[in-house]
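Numbering (full-length UniProt numbering), first residue to last: 1 to 216.
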């Protein structure tokens, strides 16, 4: 059953991107971040493959994917912001089954948000499952929208670069991700966290170095 769903979604994604180009990428990636189960693990690698044969520009694909994620995430954020937890739960109970959303995902996202605070909005963009739902508790908690947008965009850029690059490198074999994309997520998470850790370490080291120079 799951394989059939993945196969159907894969064909849908390919059809949309082939017919609508960058607009198709934007719509698909925005839909995913707006809680509609369209796997970016298919969208971006396929777009990366098309970039590898010259039909798309690699950088344009990455930027379209990232800003589409931001747009879709803001839709979910404002649903939580204006609707509140009660309304969000009512919507999920009534219509969640049609887009494969359950209260379990919301509960998990809320738990992560309470545990890690605002920064989870950034880290969740390179984490499986949670990245799609974290916008709801962020909106419910009325997190600052500018901070939410910045964290979302940076995290989405990392995610888009990694997935697009995978498709670019695999070329016509990009579709090998259809069955194994969950395994690739683990690799992507490790690489993303390592890159983030290095960036934070570099920034902290730079700040400490400047302070030491001032003291001397």
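We put the beta carbon where it would ideally sit given N, CA and C, even for glycine. On a predicted model such as this, the values are computed, not experimentally measured, just so you know.
Count the other C-beta atoms from every protein chain shown that fall within 10 angstroms of the C-beta of residue i, then say buried if there are 16 or more, exposed otherwise.
i           : result
residue 155 : buried
residue 12  : exposed
residue 56  : buried
residue 159 : buried
residue 93  : exposed
residue 74  : buried
residue 25  : buried
residue 53  : exposed
residue 84  : exposed
residue 161 : buried
residue 110 : buried
Measuring only the C-alpha atoms, how far is residue i from residue j?
i           : j           : result
residue 89  : residue 103 : 7 Å
residue 165 : residue 79  : 32 Å
residue 28  : residue 18  : 12 Å
residue 135 : residue 62  : 21 Å
residue 114 : residue 38  : 27 Å
residue 112 : residue 132 : 13 Å
residue 42  : residue 107 : 26 Å
residue 171 : residue 149 : 32 Å
residue 300 : residue 145 : Lying before the first or after the last residue shown, residue 300 is absent from the chain, which here runs from 1 to 216.
residue 95  : residue 60  : 34 Å
residue 31  : residue 69  : 8 Å
residue 125 : residue 9   : 21 Å
residue 16  : residue 87  : 32 Å
Could you name the residues of the same chain whose beta carbon sits closer than 7 Å to that of residue i, not counting the 5 residues immediately before and after it, in chain order?
i           : result
residue 14  : 46
residue 186 : Note that residue 186 scores 47 on pLDDT, short of 50, meaning its location in the model is unreliable; the coordinates nonetheless yield the value given after this. Closer than 7 Å at the Cβ level, and outside the excluded window around residue 186, lies no residue.
residue 147 : 118
On the premise that residue j lies in contact with residue i, defined as a C-beta separation below 8 Å, what is that separation, rounded to the nearest angstrom?
i           : j           : result
residue 44  : residue 163 : 4 Å
residue 138 : residue 82  : With a Cβ gap of about 13 Å, residue 138 and residue 82 do not count as contacting.
residue 72  : residue 33  : 3 Å
residue 101 : residue 35  : 6 Å
Give me, in chain order, the residues of the same chain whose beta-carbon lies closer than 6 Å to that of residue i; leave out the 5 immediate sequence neighbours on both sides.
i           : result
residue 151 : 121, 122
residue 20  : none
residue 48  : 164, 167, 168
residue 105 : 133
residue 140 : 80, 85
residue 50  : 56
When you measure from the CB of residue i to every non-hydrogen atom of the ligand ZN, does any distance come out below 7 Å?
i          : result
residue 28 : Of the ligands one can find in the structure shown there are none, so the ligand ZN has no counterpart to examine.
With H, G and I counted as helix, E and B as strand and the rest as coil, what does DSSP make of residue i?
i           : result
residue 35  : coil
residue 151 : helix
residue 26  : helix
residue 14  : helix
residue 115 : helix
residue 56  : coil
residue 144 : coil
residue 102 : coil
residue 21  : coil
residue 126 : helix
Excluding the 5 residues flanking residue i on each side, which residues of the same chain have their C-beta closer than 8 Å to its C-beta?
i           : result
residue 142 : 81
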